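Everything on this sheet refers to the single structure shown next.
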Amino acid sequence: KGGIVYADAVTTVSDTYAEEIKMPYYGEHLDGLMRARANSLRGIVNGIDYNEYNPESDKYLVHNYNAVNFRKEKVKNKTALQQELGLDVDPKKMMIGIVSRLTDQKGFDLIAYVMDELLGDKKIQFAVLGTGEERFENMFRHFAWKYERQMGVCLQYSEDLAHRIYAGADAFLMPSMFEPCGLSQLMSMRYGTVPMVRETGGLRDTVCPYNEYEQTGNGFSFANYNAHEMLHMIRYAKDTYVNHRNEWNGIVKRAMECDFSWNASARDYETLYEELLKMQ
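Count along the sequence shown from 1, then add 147; that gives the number in this note's numbering.
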C-alpha cells in the first residue's frame, strides 16, 4: 500500500485488470486507493518468449509449421497428440486443450457443470495437462474414465507435453473467474490454437471475439461467469470449426499474426519511463 501511495506510476498487467482492481470484488481492500491513483495507473500486457514458443522451430513438436503452411502441417501435431493420449485418431474431431493450474480461479467449476453435455458430442475431444486442487484432479480422472476415447488427462507438470498441446489442439479453453493477464492464451495464439476465454482481465484485452459478419477476431469469448454461456460459446466455436473451415483458418491466421512478444511490452514500458522522466 505504501508503494502504491508514493509511486510515480502504478502498473498492472492489462488495461482491463487496471479497471477491475478499482472495484471491491477485485481490489482486495485496496480498491479505494486504486481509484485515488487512477490517473497514475495503467495496464501493460505481459509478453512471452517468441524464441521459446515458436511453432517453426519448437523441438518438442512432431512437425514444425508457421503462419503460411499451418493448414497442412498443424494437423500432424494433432493426430500425433491423439495417439499419445490414447484418443480416437481422427483429424476431423475438434480437440480442445487445457494447460493450467487446477483451481477455482481458472473456472473449472464451470467445466464440471457442462462436461457431460460437451462430451455427449462425439466430435469433441479434450487434452488436459495440470495439477491442483484434489476435487478438480478427481473430476478429470472421472471424465477420463467415463470418456476414455475423448478425454486425455495428464495430472502432472510437463513442459514438453504443454508445447505439444498448444500445437496439437484446435482450440484452447480458459474460462477464468479472474485473470490479471494470462499467458496460456498468448502461447496458444502463437501456435495457431484458437483461444476460447471468459472476458476478464488480460483475456479480454488480448482475445478479440470472432465476428462472422466482418470476418474479424482471433478467438471466442463469453462475458458472464456462467457454465451454459460458456457451453454456448464452445458450441459456436465447434460449429465454425466443422462447418466453416475457411473462416476458422482465418481466425487461426489472425491469431498467429498477433504480436504478444516481450518486444511489444517493452516498448510500452519504455514509453512509460520516458513520460516519467519528462515529469521530473
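The C-beta atom is built at its ideal place from N, Cα and C for all residues, glycine as well.
Quick caveat: nothing in here was measured; it's all calculated off a predicted structure.
Closest by C-alpha distance to Cys-328, when choosing among Asp-317, Glu-346, Gly-339 and Ala-314: Minimum Cα distance to Cys-328 is reached at Glu-346.
Residue span of the alpha helix (DSSP H) that contains Ala-374, given as start and end: It spans 374-390 - the alpha helix (DSSP H) in which Ala-374 sits, taken as one unbroken run.
8 Å contact criterion, which Phe-325 and Ser-335 should meet: CB distance rounded: By a beta-carbon distance limit of 8 Å, Phe-325 does not contact Ser-335. Their separation comes to about 19 Å.
Distance between Ile-243 and Glu-404 (C-alpha atoms, nearest Å): Here the C-alpha atom of Glu-404 lies approximately 21 Å from the C-alpha atom of Ile-243.
When Phe-369, Ser-331 and Met-377 are compared against Asp-196, the one with the closest alpha-carbon: With distances taken between Cα atoms, Asp-196 lies closest to Ser-331.
Three-state secondary structure assigned by DSSP to Gln-272: In the three-state reduction of the DSSP assignment, Gln-272 falls in the strand class, which pools E and B.
Same chain, Cβ closer than 8 Å to Glu-284, five either side skipped, listed in chain order: Cβ neighbours of Glu-284 beyond the five flanking positions: Leu-249, Thr-278 and Leu-302.
Pick from Glu-264, Asn-358 and Tyr-173 that is closest to Arg-401, judged by C-alpha positions: In terms of CA proximity to Arg-401, Asn-358 leads the group Glu-264, Asn-358 and Tyr-173.
Residues near Arg-218 in its chain [Cβ-Cβ closer than 8 Å; skip 5 each side]: So the qualifying residues of the chain are Asn-396.
Asn-358 in three-state terms, based on DSSP: Residue state, collapsed to three classes: strand.
Residue of Leu-266, Phe-367 and Ser-412 minimising C-alpha distance to Pro-322: With distances taken between Cα atoms, Pro-322 lies closest to Phe-367.
Own chain, CB closer than 7 Å to Ser-412, minus 5 neighbours either side, in chain order: Excluding sequence neighbours, Ser-412 sits near Ile-191, Val-192, Asn-193 and Gly-194.
DSSP three-state assignment for Gly-233, whether helix, strand or coil: Of the three classes helix, strand and coil, the one that applies to Gly-233 here is coil, per DSSP.
Endpoints, beta strand (DSSP E) assigned at Thr-159: Note, Thr-159: beta strand (DSSP E), 157-159.
Whether Val-261 touches Met-298 by CB criterion (9 Å): Cβ distance not < 9 Å, so Val-261 and Met-298 don't count as in contact.
Span of the beta strand (DSSP E) around Arg-351: For Arg-351, there is no enclosing beta strand (DSSP E); the enclosing alpha helix (DSSP H) has its first and last residue at 348-353.
Leu-228 versus Gly-267, Ile-271 and Ile-312, residue with shortest Cα-Cα distance: The option with the nearest alpha carbon to Leu-228 is Ile-312.
Cβ pair Thr-163, Gly-364 closer than 9 Å: Cβ atoms of Thr-163 and Gly-364: not closer than 9 Å.
Sub-9 Å separation of Met-241 and Tyr-383 beta-carbons: No. Outside cutoff.
Secondary structure of Gly-329, DSSP reduced to three states: Note: Gly-329 maps to coil in three-state DSSP.
Bridge partners - Val-192, DSSP secondary structure assignment: Val-192 pairs with nothing; no bridge assigned.
Length of the line joining the Cα atoms of Asn-201 and Arg-337: Distance between the alpha carbons of Asn-201 and Arg-337: 7 Å.
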